[in-house]
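Engineer:
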Amino acid sequence: MTGTPDTTIDAAVRAIRVADAERQTAQAAAREAQRRWEAALVAAVEAGHAPSAVAREAGVTRNRVSQLVSARRAATQDDQAPRTPRIVPSPLS
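All residue numbers for the sequence shown refer to the UniProt record's numbering, where the first residue is 1 and numbers rise by one.
(1) Return the first residue and the last residue of the alpha helix (DSSP H) that valine 13 is part of.
(2) Taking arginine 86 as part of the alpha helix (DSSP H), name the residues at either end of that continuous run.
(3) With a threshold of 7 Å on Cβ separation, who are the neighbours of alanine 44 within its own chain once the five nearest residues in sequence on each side are excluded?
(4) Let me make sure I understand the geometry here. Which of Ser90, Trp37, Thr7, Arg86 has the alpha-carbon closest to that of arginine 64?
(5) Thinking C-beta only, is arginine 14 closer than 8 Å to valine 42?
(6) Can you list, in chain order, the residues of its chain with a C-beta nearer than 8 Å to that of isoleucine 87? Leave out the 5 residues immediately preceding and following it.
(7) I need the straight-line Cα distance from leucine 56 to valine 18, nearest angstrom please.
(8) Is the beta carbon of proline 51 sitting closer than 8 Å to the one on serine 70?
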C-alpha cells in the first residue's frame, strides 16, 4: 500500500452524501406540501364547505377530514389555554 486514497471510493462516498442531502431536502419539501394540503382542507371546512364535499374533492375519506379539523381545533384550544407549570413530586420525598 502506498497510502494514496482510492478516488473511486471517495467519489462514491461523495455521491452518496450528495444523494442523501437531496433525499432529505425532498422529504422536507414533501412534509411541507402535505402540511399545506391538510391546512387547505381544514380551511375549506372552516370556511363553511361540507366536510363530505371537501373529502370528495380531495380524494380522502370524510373521517380523515374530520380528524384534521378536530386536530386543528384541539391545537387551537391548547394554544389558548393558560399555561400552568406542572409540579412533579420528587421521588426522594
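Each residue gets a CB set at the ideal place from its N, CA and C atoms; glycine is no exception.
Structural biologist: Concretely, from the data shown:
(1) 7 to 46
(2) Per DSSP, arginine 86 belongs to no alpha helix (DSSP H) and is neither H nor E.
(3) Taken in chain order, the residues that qualify are Val54.
(4) Trp37
(5) no
(6) none
(7) Before going further, note that residue 56 is arginine rather than leucine in the sequence given. Using only the alpha carbons, I get a separation of about 40 Å.
(8) Their beta carbons are not under 8 Å apart, which means proline 51 does not touch serine 70 by this criterion.
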